[in-house]
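Per our numbering, the very first residue in the sequence shown carries number 113; after that it's consecutive.
By construction, the Cβ of each residue, glycine as well, lies at the ideal position given by its N, Cα and C atoms.
Beneath this line is the structure, given in C-alpha cells, with notes to follow.
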Amino acid sequence: MTVKTGGYWAKRWRLWGGVLVLIAGARLVKIIQEDQMKMRIAEMPMKTVCVGRFLIDVPKHAIVSFGATRLAGWSISVDYDETDDAFEARLAATETELRTMKNEKGWNSLESVANIIADGLSGKVMLFDREWGYLVEFGERVYSTSAKVRGLARLHGVSFEFRAEALDSKDIPELVRIIKQVRNRDGEAIPSESGFCFDNSLVADPLHAGQNESTVMFVGLQSHPDLSIALRSTAGIAHGRTLLQRDADTNFRSEYRWSVHNFRLGDRIVNGIPGQELMDRIREHSGVTGHDFEWEALSKKDSVFTPNLGLEMSTGHGRPGAPVQSSLSDVEAIALWDKILSSLRVRPTRAVPAAAAASQAPVWARAD
113 MTVKTGGYWA KRWRLWGGVL VLIAGARLVK IIQEDQMKMR IAEMPMKTVC
163 VGRFLIDVPK HAIVSFGATR LAGWSISVDY DETDDAFEAR LAATETELRT
213 MKNEKGWNSL ESVANIIADG LSGKVMLFDR EWGYLVEFGE RVYSTSAKVR
263 GLARLHGVSF EFRAEALDSK DIPELVRIIK QVRNRDGEAI PSESGFCFDN
313 SLVADPLHAG QNESTVMFVG LQSHPDLSIA LRSTAGIAHG RTLLQRDADT
363 NFRSEYRWSV HNFRLGDRIV NGIPGQELMD RIREHSGVTG HDFEWEALSK
413 KDSVFTPNLG LEMSTGHGRP GAPVQSSLSD VEAIALWDKI LSSLRVRPTR
463 AVPAAAAASQ APVWARAD
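Rendered as C-alpha cells:
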C-alpha cells in the first residue's frame, strides 16, 4: 500500500507560509508604528533656551525651571513676581533687622552697607554676622574670620538676590561689579550680548573660568509627567574621570545584566563639542521599564566655553517617587533624546571688547 504524502507537505507549507505572512505583517505594522512615532517627535514644536554659554531646544510646551545658580562663590536667585514696592519694603526690613542683630562676640552684626545705583539698577550689599575660628596646621593654630554677605538688587522690575555664607569685605567690590553686569532678558528672546545665561537673565562678560559660573535647567512635560530632563553647566572645574570611565568603575551592568538593556555606550560629538553618551532601558523589580540617558562633555577647566556640561533624560518617574511604566516607547524616547541633544550648541554673540575677547574664544571651535 502506497501512502501519498504530497497533500500533507502542501498543507504544512501553506501553514508555514501563513505564519511567515503573519510575522512579516506584524513586523511591517511595527515598522510603520515606529516611523509614526519618530515622525511625531520630529514634528514636535520646539523652543530655544539659553543655559550658561549654550543654547538648547526643548519641547515648546515644556515647563522650564532653573535650579542652583552660582558665580564667584555667590548663590544667585531671581524673583519675577515681586513688585517694586514689595522689593523696597523687603530691602528696608532686611537692613533694619540686621542692624538689631549681634554677632557671636556680641558686637553689632551689620558691618557695612554698600549702595548700588546704575542705569535702571538699584540695591544694596550688606556684610554681617561675622564668625571667628581656627585650623590646626603643623601643630599651630591658624586663625581666620569670615562674614555673611547679601546683595539685593532690582533691575527693570526683576529682583535679584546674591548670597554668600563665608566671605569678607574684600569680596564686596567684585560682587558690586557682578551685579552691575546683570541683564534682564526680553521674555524668551536669546541675548546677543556675551555672558552667562540663567533663569531668563544674564551676567554679561567679562567673566572668567575661575569664577566657576554654574547653573542647571530642568524640563518637564505635563503630557509626560514621568519624564525628567536636566542640563547642567559648571565652568572652571576638572571633570576627573569621564562618564564612560565612571560607568566602567561600577559593577552595575554585570550585577543587573538581566534588567538593563543598553542602546548606546560611546563617544558622541555634538556640534563640535566632544563628549560621551550612555543610554539604557532599565526594568524595575515591579516589571515596569524606564529610560536613563546621559551625555557629558569632555571639559577643560581653563575656559568658560568648555565647562563640566551634561544632559540627562530619564523616564518612569512616579509621584511621589515610586517607578512607573515609561510613557514613552523606546523609539519615542530615543527620538526625543536625539532631537534635544543634537540641538545643543555654543550661543553665538556679538563682538566683545578686545580685553575680554582673548579669554572668550571657544576652545572647541576650530581655528582655520
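Closest by C-alpha distance to residue i, when choosing among the options
i, options, result
"E155", "V270, I452 and R462", "I452"
"D191", "F178, N374, E252 and S221", "F178"
"V225", "N363, E252 and R262", "R262"
"E286", "R295, L319, Y255 and G232", "L319"
"L377", "R353, W407, D298 and E367", "W407"
"L333", "A201, S455 and L448", "L448"
"C309", "T346, Y255, D280 and I284", "T346"
"E389", "V163, G399 and L410", "L410"
"E207", "E300, D361 and L264", "L264"
"A198", "V270, G399, A342 and I284", "V270"
"C162", "T354, D280 and V331", "V331"
Spatial neighbours of residue i in its chain, beta-carbon cut-off 7 Å, leaving aside the 5 residues before and after
i, result
"H336", "S439 and L440"
"N227", "K236"
"T461", "S304, E305 and S306"
"R365", "V372"
"V288", "A226, I228 and V237"
"S232", "It should be pointed out that residue 232 corresponds to Gly in this sequence rather than to Ser. Same-chain partners within the cutoff: L267 and H268."
"E194", "S271"
Residue i at chain B interface by Cβ criterion, 8 Å
i, result
"E396", "Of the protein chains in the structure, only one exists, and it is not chain B."
Inter-residue spacing [alpha-carbon to alpha-carbon] between residue i and residue j
i, j, result
"S187", "I381", "32 Å"
"R211", "A180", "29 Å"
"L267", "Q293", "11 Å"
"V458", "R395", "36 Å"
"G387", "K412", "12 Å"
"K282", "N220", "19 Å"
"G322", "R165", "15 Å"
"V328", "R275", "18 Å"
"D317", "A205", "32 Å"
"G185", "F272", "15 Å"
"A434", "D196", "42 Å"
"P465", "D359", "Below a pLDDT of 50, predicted positions are generally treated as unreliable, and P465, at 47, falls in that range; the measurement from the model is reported next regardless. Looking at the two C-alpha atoms, the distance is approximately 42 Å."
"M425", "I153", "15 Å"
"N215", "L203", "20 Å"
"T427", "G402", "5 Å"
"Q357", "R431", "32 Å"
"P157", "Y255", "58 Å"
"V315", "V400", "43 Å"
"E223", "M213", "11 Å"
"N296", "S415", "24 Å"
"I290", "R182", "12 Å"
"T257", "I284", "15 Å"
Cβ-based burial, residue i [other Cβ within 10 Å; buried from 16]
i, result
"G422", "buried"
"I175", "exposed"
"F250", "exposed"
"L247", "exposed"
"S173", "Reading off the sequence, residue 173 comes out as His, not Ser. It is exposed - the Cβ of H173 has fewer than 16 other Cβ atoms within 10 Å."
"G348", "buried"
"N363", "exposed"
"E325", "buried"
"E200", "exposed"
"N312", "buried"
"A301", "exposed"
"T418", "buried"
"H351", "buried"
Cut-off 6 Å between Cβ atoms - residues of its own chain near residue i, not counting five sequence neighbours on either side
i, result
"D392", "V372, N374 and D404"
"L167", "T160, R457 and R459"
"R253", "Y246"
"H429", "D338 and S340"
"K59", "Residue 59 falls outside the range modelled here, since the chain spans only 113 to 480, and no answer is possible."
"S455", "I168 and D169"
"S234", "R266"
"L140", "Because L140 carries a pLDDT of 49, less than 50, the predicted location of this residue cannot be relied on, and the following value inherits that uncertainty. Closer than 6 Å at the Cβ level, and outside the excluded window around L140, lies no residue."
Close Cβ partners of residue i (< 8 Å) along its chain, the five nearest in sequence each way excluded
i, result
"R369", "none"
"E367", "none"
Within the segment 180 to 247, ranges of the beta strand (DSSP E) (whole runs, at least 3 residues) = 181 to 183, 186 to 191 and 224 to 230
3 or more residues per run - each beta strand (DSSP E) lying fully within the segment 261 to 300 | 270 to 279 and 294 to 296
Every unbroken beta strand (DSSP E) inside the segment 388 to 472 [3 residues or more] | 401 to 409 and 420 to 426
Length at least 3, wholly inside the segment 297 to 360: the beta strand (DSSP E) runs in chain order = 307 to 310, 313 to 316, 326 to 333 and 336 to 346
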